[in-house]
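With this note's numbering applied, the sequence shown corresponds to residues 5 to 171, in that order. Here a beta-carbon is modelled for each residue, glycine too, at the ideal position from N, C-alpha and C. To keep things clear, I will list the structure first and then write my remarks on it.
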Amino acid sequence: MRTVSSPAPLKNHIRLEMAAVPDNVALARVTVAAFASQLDFTLDEIEDIRVAVSEAVTNAVVHAYSDRAPGGPSGTVTLEAAHDREALTIAVADQGRGIVDVALARQPAYTTDPERMGLGFAIMESFCDELDVVSEVGRGTTVKMVKRPRAAKAPRAEGAAGDDRPV
Ligand SMILES: Nc1ncnc2c1ncn2[C@@H]1O[C@H](COP(=O)(O)OP(=O)(O)OP(=O)(O)O)[C@@H](O)[C@H]1O
Ligand SMILES: [Mg+2]
């Protein structure tokens, strides 16, 4: 019989495949927050991650399959996340219509829907350390985000001046 005595793994990953429907935005947000809590993030950083993932999944729900006939089968959005304790990597992918001009779509206030603000990508960019958007028209879009715990990004000597982390 094998005994399980190995230390906690340094790496972890998850994959959540969902229908691209509004109810699943909250599911993705909760899931990624629980996963992110395995790293040394502050509550503010976890909130940043929740918001960024909400924006990415909302885009898949709202835009990716907007060319499909209403009432038909919904498309799929996949949330993948991985970490090595030092960085959290998140990928939100759909197989929808794709984005014609990614650089234009990433501009703040650019939207193809006059009801919207066009701020989703700008929010993802400012709330994460890295944002990469890969899209192919007719094939889909993948948004990759990387977030590192601030404590891991800028280690400081104990008691160093300017350390404004909560005590
Ligand atoms: N997954 C996607 N599939 C297809 N098009 C997308 C996708 N994500 C974004 N887009 C396109 O990029 C544009 C910009 O996206 P962004 O999230 O910045 O703004 P928005 O969704 O229009 O507005 P907001 O996010 O403020 O509600 C969208 O209007 C849409 O045309
Ligand atoms: Mg958006």
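Which residues bound the alpha helix (DSSP H) around Thr217?
The structure shown does not extend to residue 217, since the chain spans only 5 to 171, so no value can be given for it.
Among the residues of its own chain, which have a CB less than 7 Å from the CB of Gly166, if the five just before and after it don't count?
The pLDDT assigned to Gly166 is 45, lower than 50, so where the model puts this residue is not dependable, and the model offers no usable value.
Is the beta carbon of Val65 less than 9 Å from the beta carbon of Ala126?
Not closer than 9 Å, so no.
As a quick exercise: from Asp71, Val81, Met149, pick the residue whose alpha carbon is nearest that of Thr93.
Ranking the options by Cα distance to Thr93, first place goes to Met149.
Closest to Ala97 by CA distance: which of Glu21, Lys15, Ser41, Leu14 is it?
Ala97 has its Cα closest to that of Glu21, out of Glu21, Lys15, Ser41, Leu14.
Rank His67, Gln99, Arg33 by C-alpha distance to the C-alpha of Asp52 and give the top, closest one.
In terms of CA proximity to Asp52, Arg33 leads the group His67, Gln99, Arg33.
So the candidates are Leu47, Pro26, His17, Arg72; which of them puts its Cα closest to the Cα of Gln99?
Per the Cα distances, Arg72.
Figure out for me which residue from Thr80, Ala68, Thr146 has the closest Cα to the Cα of Ala95.
Thr146 is the residue among Thr80, Ala68, Thr146 whose C-alpha sits nearest the C-alpha of Ala95.
Contacting residues, own chain, Cβ-Cβ under 7 Å from Phe39 (five flanking each side not counted)
Apart from sequence neighbours up to five positions away, the residues of its chain that approach Phe39 with a beta-carbon distance below 7 Å are Ile18, Ala85, ordered along the chain.
Roughly how many whole angstroms lie between the Cα atoms of Glu26 and His67?
The question names Glu, but residue 26 is Pro in the sequence shown. Rounded to whole angstroms, the gap between the alpha carbons of Pro26 and His67 is 12 Å.
Please classify Arg154: does DSSP put it in a helix, a strand, or coil?
In the structure shown, Arg154 sits in a helix (DSSP, three-state: H, G or I).
Outcome for Glu49 when other beta-carbon atoms lying within 10 angstroms are tallied against a minimum of 16
Sixteen is the threshold: when 16 or more other Cβ atoms of the shown chains lie within 10 Å of the Cβ of Glu49, as they do, the residue is buried.
Does ligand 4 have a heavy atom nearer than 8 Å to the CB of Asn16?
With respect to small molecules bound, the structure shown includes ligand 1 and ligand 2 and not ligand 4.
In its own chain, which residues sit with a C-beta less than 7 Å from the C-beta of Leu108, not counting the 5 before and 5 after it?
So the qualifying residues of the chain are Tyr114.
Start and end residues, alpha helix (DSSP H) containing Val115
Before going further, note that residue 115 is Thr rather than Val in the sequence given. For Thr115, there is no enclosing alpha helix (DSSP H), since its DSSP letter is neither H nor E.
Buried or exposed for Arg15, please, with buried defined as at least 16 other CB atoms from any protein chain shown within 10 angstroms of its CB.
The sequence shown places Lys at residue 15, rather than the Arg named in the question. The residue in question, Lys15, is exposed, as its Cβ has fewer than 16 Cβ neighbours within 10 Å.
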